[in-house]
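Structure record follows, encoded as structure tokens.
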Amino acid sequence: MKVLILAAGYATRLYPLTMTQPKPLLPVAGKPMIEYVLDNIDPIGGIDRVYVVTNAKFAGHFQKWADNYRATKSKLDFTIVNDGSTDDTNKLGAIGDLHLVLTKEKIDDDLIVVAGDNLFSETLEEFGKVCREKNAPVLAVYDVGSLEEIKKYNSISLDKEGKITFFEEKPKEPKSTLTGIALYYYPKSTLPLIKQYVAEGNNPDQPGRLVQWLYQRTPFYTWTVPGIWFDIGSKENLEESNRIFSKKDLAASR
587 MKVLILAAGY ATRLYPLTMT QPKPLLPVAG KPMIEYVLDN IDPIGGIDRV
637 YVVTNAKFAG HFQKWADNYR ATKSKLDFTI VNDGSTDDTN KLGAIGDLHL
687 VLTKEKIDDD LIVVAGDNLF SETLEEFGKV CREKNAPVLA VYDVGSLEEI
737 KKYNSISLDK EGKITFFEEK PKEPKSTLTG IALYYYPKST LPLIKQYVAE
787 GNNPDQPGRL VQWLYQRTPF YTWTVPGIWF DIGSKENLEE SNRIFSKKDL
837 AASR
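Under our numbering, residues 587 to 840 are what the sequence shown spells out, in order.
This is the structure we're talking about:
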């Protein structure tokens with residue numbers, strides 16, 4: 587199994603913090619965001635390579651971080667993929683970056699895709715178990731608890747088996763507070779469909795658009811994220827996550 591971390595954005599809403607440092611490498615409670623992702627994915631097991639797709643501006647930053655992380659904290663093998671973009675005007679988009687890595691690295695294996703700025707308070711081991719059981723695409727979901735808040739994300743409906751029956755990006759009139767987050771499992775058999783999505787000229791940005799296209803063509807299941815989940819999109823989010831994760835670390839150390 588392979589893991590792909592999406593980290594090619596420029597996070598302009600976090601300027602000046604992200605002018606010289608990529609968002610996933612910003613610290614939260616003393617640890618880079620991307621390490622929360624990896625520390626919680628590692629228990630899934632069976633992962634033989636982690637790809638980090640980033641841009642020309644920050645490729646060197648991620649390579650330096652990956653070399654240090656592997657030497658001191660994990661024996662995971664990393665490949666840093668530079669998508670060649672230099673700013674928001676020529677970025678490939680999340681799905682474009684996914685497609686780039688699939689083709690450039692000739693990936694022919696089960697794949698977990700996750701955004702590098704997602705913070706999880708709990709291990710994702712159970713996510714791995716569900717993915718292996720279903721052997722079908724799986725989307726992680728989280729209840730944000732607010733119909734107004736969910737307008738920033740997506741609206742999703744499920745059947746009794748947890749299979750997606752409706753998915754809409756940036757809904758204007760959401761009917762549920764459950765949203766799909768940027769944590770996906772794509773089994774090897776699904777990879778040709780991803781390439782088809784791109785070949786047809788569909789929107790290469792916002793990874794949820796791929797889910798919206800795929801669930802109508804193949805069964806797409808869900809898994810509910812336990813504990814706390816944060817999507818760092820603003821300075822306010824970053825400050826709040828620092829407070830919450832610092833408290834969690836303090837509680838764990840007592």
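Cβ coordinates follow ideal geometry from the N, Cα and C atoms, glycine included.
So, are the CB atoms of residue i and residue j less than 8 Å apart?
i	j	result
Pro790	Leu678	yes
Ala680	Val811	no
Glu691	Tyr771	no
Val687	Asn828	no
Ser820	Arg635	no
Gly714	Tyr807	no
Glu759	Asn740	no
Glu711	Pro629	yes
Asp729	Thr763	yes
Taking the alpha helix (DSSP H) that residue i belongs to, which residues open and close that run?
i	result
Tyr655	645-658
Phe713	711-720
Ala726	Per DSSP, Ala726 belongs to no alpha helix (DSSP H); it is in the beta strand (DSSP E), 724-729.
Arg764	Arg is not the amino acid found at residue 764; the sequence shown has Leu there. Careful: Leu764 lies outside any alpha helix (DSSP H), inside the beta strand (DSSP E) at 764-772.
Glu621	619-627
Ile542	Any answer about residue 542 is impossible in this case: the structure gives the chain only from 587 up to 840.
Leu777	777-785
Gly794	794-800
Starting from residue i, trace the beta strand (DSSP E) in both directions and tell me its first and last residue.
i	result
Leu705	704-706
Lys588	588-592
Val636	635-640
Asn740	740-744
Tyr807	807-810
Asn668	664-668
Glu755	750-755
Leu697	697-701
Asp817	815-817
Using CA coordinates, which residue listed in the options is at the minimum distance from residue i?
i	options	result
Ala597	Gly702, Val636, Asp653	Gly702
Leu590	Asn721, Trp799, Ile627	Ile627
Trp903	Pro773, Tyr739, Thr765, Gln649	In the structure displayed, the chain extends from 587 to 840; residue 903 sits before or after that span and is not available.
Leu684	Trp651, Asp669, Asp634, Thr709	Asp669
Thr604	Glu621, Ile630, Ile633, Lys643	Lys643
Asn847	Ala652, Pro602, Thr804	Nothing in the structure corresponds to residue 847, since the chain is present only between 587 and 840.
Pro757	Val724, Tyr801, Ser743	Ser743
Asn704	Asn654, Leu769, Lys746	Leu769
Gln792	Gly682, Lys761, Asp694, Leu688	Gly682
Asp696	Val724, Tyr801, Lys650	Val724
Ile818	Phe806, Ile780, Ile767, Glu786	Ile767
Asp694	Lys588, Glu822, Asn823	Lys588
Ile698	Pro608, Gly631, Gln782	Gly631
Thr751	Leu800, Glu826, Lys781	Leu800
Trp651	Val700, Thr689, Ile633, Leu612	Leu612
Pro773	Asp653, Asp673, Val716, Tyr622	Val716
Thr709	Gly595, Leu824, Tyr622	Tyr622
Lys659	Ala785, Ser671, Lys617	Lys617
Skipping 5 residues on each side, what residues in its chain have a beta carbon closer than 7 Å to that of residue i?
i	result
Val656	The sequence shown places Arg at residue 656, not Val. Cβ within range, chain order: Leu662, Phe664.
Ile814	Ser707, Ile830
Leu836	Legend: pLDDT at Leu836 = 44, less than 50; position of this residue unreliable, value from coordinates given subsequently. Same-chain partners within the cutoff: there are none.
Ala645	Ile666, Asn668
Glu826	none
Thr776	Pro723, Thr804
Ser832	Ala615
Asp673	Tyr596
Lys746	none
Leu779	Leu800, Arg803, Thr804
Leaving out five residues before and five after residue i in sequence, what residues of the same chain have Cβ atoms less than 6 Å from its Cβ?
i	result
Pro610	Ala593, Met619, Ile620, Gly702, Asp703
Phe648	Val638, Thr640, Ile666
Ile633	Met587, Val589
Leu824	Ile818
For residue i, which residues in the same chain have their Cβ closer than 8 Å to its Cβ, ignoring the five residues on either side in sequence?
i	result
Pro602	none
Less than 7 Å between the CB of residue i and some heavy atom of the ligand SAH, yes or no?
i	result
Lys756	In terms of ligand content, the structure shown is empty, and the ligand SAH therefore cannot be addressed.
For this session: Would you check if there are 3 or more beta carbon pairs closer than 8 Å linking the segment 728-735 to the segment 792-808?
Result: No, the segment 728-735 does not touch the segment 792-808.
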